[in-house]
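First the structure, in the form of structure tokens, and then the observations on it.
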Amino acid sequence: MGGENNIIIFIILENEGSTQFLLSRFLEDDKKHKNSYTKIMYSNTHIPTHSRSGFSILMAIGTIWVLLIIVTSLAISYIRESKLSRYSYDEVLSSTAAEWEFEYAMLKVKNHRDGFQDATSSGELDGNLLDLTTPRSSGLRTEYNILASSTDELFTLSGGQHLIIPLFASTWSLALWATSLSPEYNMLTVNTTWVNISDLWSLSWTIVAMSWSESIAISGTGNITPSTIGAIRTKMSQCYDRSTGVIKSCTFLNPGDEELLYSYDESKTINDFLLTTLDPYFVFYNPDPGSIPVRLTSTTPFTLPTLTITATARKWDSSQVFRFIEDKGRYYDALKYGIYNTGI
Numbered sequence: 001m002g003g004e005n006n007i008i009i010f011i012i013l014e015n016e017g018s019t020q021f022l023l024s025r026f027l028e029d030d031k032k033h034k035n036s037y038t039k040i041m042y043s044n045t046h047i048p049t050h051s052r053s054g055f056s057i058l059m060a061i062g063t064i065w066v067l068l069i070i071v072t073s074l075a076i077s078y079i080r081e082s083k084l085s086r087y088s089y090d091e092v093l094s095s096t097a098a099e100w101e102f103e104y105a106m107l108k109v110k111n112h113r114d115g116f117q118d119a120t121s122s123g124e125l126d127g128n129l130l131d132l133t134t135p136r137s138s139g140l141r142t143e144y145n146i147l148a149s150s151t152d153e154l155f156t157l158s159g160g161q162h163l164i165i166p167l168f169a170s171t172w173s174l175a176l177w178a179t180s181l182s183p184e185y186n187m188l189t190v191n192t193t194w195v196n197i198s199d200l201w202s203l204s205w206t207i208v209a210m211s212w213s214e215s216i217a218i219s220g221t222g223n224i225t226p227s228t229i230g231a232i233r234t235k236m237s238q239c240y241d242r243s244t245g246v247i248k249s250c251t252f253l254n255p256g257d258e259e260l261l262y263s264y265d266e267s268k269t270i271n272d273f274l275l276t277t278l279d280p281y282f283v284f285y286n287p288d289p290g291s292i293p294v295r296l297t298s299t300t301p302f303t304l305p306t307l308t309i310t311a312t313a314r315k316w317d318s319s320q321v322f323r324f325i326e327d328k329g330r331y332y333d334a335l336k337y338g339i340y341n342t343g344i
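Residue numbers (the numbering used here): 1 to 344.
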């Protein structure tokens with residue numbers, strides 16, 4: 001069929017599960033043929049639809065998986081951001097609470113003498129003063145520890161160095177309904193009793209203290225026990241009245257009276273000396289080039305040469321610690337320049 005333009009159109013119609021196939025062929029001649037022939041063929045051919053249904057199911061499953069991946073990714077990002085936000089809040093809260101605990105501990109140290117020691121934690125009245133009660137603050141735990149005294153300590157003294165230990169500690173009173181100590185101002189102290197100092201060998205030592213308004217000292221050599229006897233050099237004075245030739249007290253001096261100053265050594269046990277003096281300090285010097293250990297034990301506390309304050313705040317996975325260490329030995333070192341037991 002040369003010279004003819006053939007157009008074939010396939011039309012698929014679906015009606016209640018059956019398919020009609022319509023084939024139309026149009027033969028058209030632009031110039032030679034003015035008539036057209038149409039031949040229509042019908043067929044009751046049935047096309048299966050199960051393959052199309054399976055493809056739809058696969059498309060639905062794929063869409064669900066894509067949506068599930070997107071939703072899961074968004075949920076993971078949200079949870080991660082929420083954890084980071086909560087962790088940042090907990091970090092700020094823990095840091096603030098630890099700083100509060102540290103400042104409160106420093107207040108107590110400031111209001112007491114050397115050797116003041118205390119600790120507090122959440123769950124008691126004094127510790128709960130700084131606990132927060134907001135819902136976001138649940139789980140917060142705070143505490144502090146002041147380490148300034150001991151009853152058993154081993155010191156290592158380098159060659160050519162002094163060891164100076166206060167043989168007293170600050171007194172305190174308990175806060176109401178709490179085991180921690182009161183922050184109220186209190187400058188009272190209690191002397192250390194039943195002191196034992198070992199590993200001194202045959203080296204000399206001195207314990208300096210205050211007796212009323214005068215400084216006195218007891219000295220000796222070797223190890224120290226409560227019954228160790230030391231020597232106290234005591235200064236005395238008497239006056240000679242020229243007019244009567246009588247030696248009298250120097251309370252009232254007349255013109256021309258002469259004052260006689262002298263000293264003598266008095267023996268006393270270490271325990272008796274500590275019970276009758278104020279603010280005693282143990283002073284020991286190591287003349288050897290090597291280091292030596294010195295162990296000090298007692299019944300009541302003595303002050304350590306270092307002050308350590310540790311304040312801690314915890315909230316779940318967040319924790320903040322403030323630690324302060326002060327070497328008070330540099331202040332005590334001034335005592336090594338004193339001159340004791342020299343008499344007049």
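Glycine included, every Cβ here is placed at the ideal spot set by N, Cα and C.
| Contact check, Ala-231 vs Ser-243 under 8 Å by CB: the rounded distance? | The residue you call residue 231 lines up with position 231 of the sequence shown. The residue you call residue 243 lines up with position 243 of the sequence shown. That pair is no contact at about 38 Å.
| field | Nearest residue (CA-CA) to Lys-248, options Ser-198, Cys-239, Gly-256 and Ile-64 | value | Along the sequence shown, read from residue 1 onward, the residue named residue 248 stands at position 248. The shortest Cα separation from Lys-248 among Ser-198, Cys-239, Gly-256 and Ile-64 belongs to Cys-239.
| task | Determine, using beta carbons only, whether Ser-227 and Thr-276 come nearer to each other than 8 Å. | result | Taking the first residue of the sequence shown as position 1, residue 227 is located at position 227. Taking the first residue of the sequence shown as position 1, residue 276 is located at position 276. No, the Cβ-Cβ distance between Ser-227 and Thr-276 is not below 8 Å.
| field | Rounded straight-line distance, which links the Cα of Asn-186 to that of Asn-111 | value | Against the sequence shown, residue 111 aligns to sequence position 111. Against the sequence shown, residue 186 aligns to sequence position 186. When rounded, the distance between both Cα atoms is 6 Å.
| query | Does the Cβ-Cβ distance between Ile-325 and Phe-102 come in under 8 Å? | reply | Here residue 325 refers to the residue found at position 325 when the sequence shown is read from its first residue. Here residue 102 refers to the residue found at position 102 when the sequence shown is read from its first residue. Their beta carbons are not under 8 Å apart, which means Ile-325 does not touch Phe-102 by this criterion.
| field | 8 Å Cβ cutoff met for Lys-328 and Thr-306 | value | One-based indexing of the sequence shown puts residue 328 at position 328. One-based indexing of the sequence shown puts residue 306 at position 306. In contact: Lys-328 and Thr-306 (Cβ atoms closer than 8 Å).
| said: So, for Leu-353: in the same chain, excluding its five sequence neighbours on each side, which residues have a beta-carbon less than 8 Å away from its beta-carbon? | reply: No answer is possible for residue 353: it lies beyond the span of the chain, which begins at 1 and ends at 344.
| said: So Ile-165 and Phe-273 are supposed to be a Cβ contact under 8 Å. How far apart are they, rounded? | reply: Walking along the sequence shown from the start, residue 165 turns up at place 165. Walking along the sequence shown from the start, residue 273 turns up at place 273. Going by Cβ atoms, the distance from Ile-165 to Phe-273 rounds to 15 Å, so no, they are not a contact pair.
| query | Looking at the structure shown, is Val-109 part of a helix, part of a strand, or coil, going by DSSP? | reply | Here residue 109 is taken as the residue at index 109 of the sequence shown, counted from 1. Under the three-state reduction of DSSP output, Val-109 falls in the helix class.
| Sequence-distant residues of the same chain with beta carbon closer than 7 Å to Lys-315, five excluded per side | If you number the sequence shown from 1, residue 315 lands on position 315. Annotation for Lys-315: Asp-90, Leu-93, Ser-94, Gly-139 and Leu-140 place their beta carbon closer than 7 Å to its own, counting only its chain and skipping 5 residues before and after.
| First through last residue of the beta strand (DSSP E) which encompasses Ile-229 | Taking the sequence shown and counting its residues from 1, the one referred to as residue 229 is at position 229. Counting along the chain, the beta strand (DSSP E) containing Ile-229 begins and ends at 229-241.
| request: Tell me whether Val-321 is buried or exposed, calling it buried when 16 or more other Cβ atoms sit within 10 Å of its Cβ. | output: Indexing the sequence shown from 1 puts residue 321 at position 321. The C-beta of Val-321 has fewer than 16 other C-beta atoms within 10 Å across all chains shown, which makes the residue exposed.
| When you compare only the Cα positions, how much space is there between Pro-289 and Leu-157? | Taking the sequence shown and counting its residues from 1, the one referred to as residue 289 is at position 289. Taking the sequence shown and counting its residues from 1, the one referred to as residue 157 is at position 157. Taking the straight line from one Cα to the other gives about 10 Å.
| query | To the nearest angstrom, how far is it from the Cα of Lys-32 to the Cα of Ser-56? | reply | The residue given as residue 32 occupies position 32 in the sequence shown. The residue given as residue 56 occupies position 56 in the sequence shown. Model confidence at Lys-32 stands at a pLDDT of 46, short of 50, so the residue's coordinates are unreliable and nothing is read from them.
| query | Leu-260 bridges to which residues according to DSSP? | reply | For the purposes of this step, residue 260 is taken as the residue at position 260 of the sequence shown. Leu-260 pairs with Gln-238.
| message | Using the three-state DSSP reduction, which class does Trp-205 fall into: helix, strand or coil? | response | In the sequence shown, the residue the question calls residue 205 occupies position 205. Under the three-state reduction of DSSP, Trp-205 is assigned to strand.
| task | Go through its chain and collect everything with a Cβ distance to Glu-153's Cβ below 6 Å, but skip five positions before and after it. | result | Locating residue 153 in the sequence shown gives position 153, counting from the first residue. Hits under 6 Å: Leu-296.
| message | On the criterion of 16 or more Cβ atoms from any shown chain inside 10 Å, does Gly-2 qualify as buried, or is it exposed? | response | Position 2 of the sequence shown, counted from the start, is the residue given in the question as residue 2. Only weak support is given to the placement of Gly-2: the predicted model assigns it a pLDDT of 45, under 50, and the value that follows is read from those uncertain coordinates. Around the beta carbon of Gly-2, fewer than 16 other beta carbons sit within 10 angstroms, so the residue counts as exposed.
| query | Which word fits Ser-73, buried or exposed, when buried means at least 16 other C-beta atoms lie within 10 angstroms of its C-beta? | reply | Looking up residue 73 in the sequence shown gives position 73. A residue is called buried once 16 or more other Cβ atoms fall within 10 Å of its Cβ, and Ser-73, having fewer, is exposed.
| query | Can you tell me whether Ile-204 is buried or exposed, with buried defined as 16 or more other CB within 10 angstroms of its CB? | reply | One-based indexing of the sequence shown puts residue 204 at position 204. The question names Ile, yet the displayed sequence has Ser at residue 204. Burial check for Ser-204: the Cβ neighbour count within 10 Å stays below 16, so the residue is exposed.
| said: My output table needs one value for Leu-22: the three-state DSSP class, helix, strand or coil. | reply: Taking the sequence shown and counting its residues from 1, the one referred to as residue 22 is at position 22. Here the model assigns Leu-22 a pLDDT of 41, short of 50, so the residue's position is not dependable, and the following value carries that caveat. It is a strand residue.
| said: Tell me the DSSP secondary structure of Lys-248 in three-state form. | reply: For the purposes of this step, residue 248 is identified with residue 248 of the sequence shown, where counting begins at 1. Strand at Lys-248.
| message | Can you find the residues in the same chain that come closer than 6 Å, C-beta to C-beta, to Asn-35, ignoring five residues on each side of it along the sequence? | response | By one-based count along the sequence shown, residue 35 stands at place 35. Any answer about Asn-35 is weak, because its pLDDT of 45 lies below 50 and its placement is not dependable; what the coordinates show is given next. The beta carbon of Asn-35 is closer than 6 Å to none in its chain, skipping five residues each way along the sequence.
| field | Beta carbon of Asp-118 nearer than 8 Å to that of Ile-146 | value | Within the sequence shown, numbered from 1, the residue matching residue 118 stands at position 118. Within the sequence shown, numbered from 1, the residue matching residue 146 stands at position 146. Against a cut-off of 8 Å, the Cβ pair of Ile-146 and Asp-118 comes out as a contact.
| Is Phe-55 helix, strand or coil when you go by DSSP? | As a first step, residue 55 must be located in the sequence shown, where it is residue number 55. Phe-55: helix per DSSP, three-state reduction.
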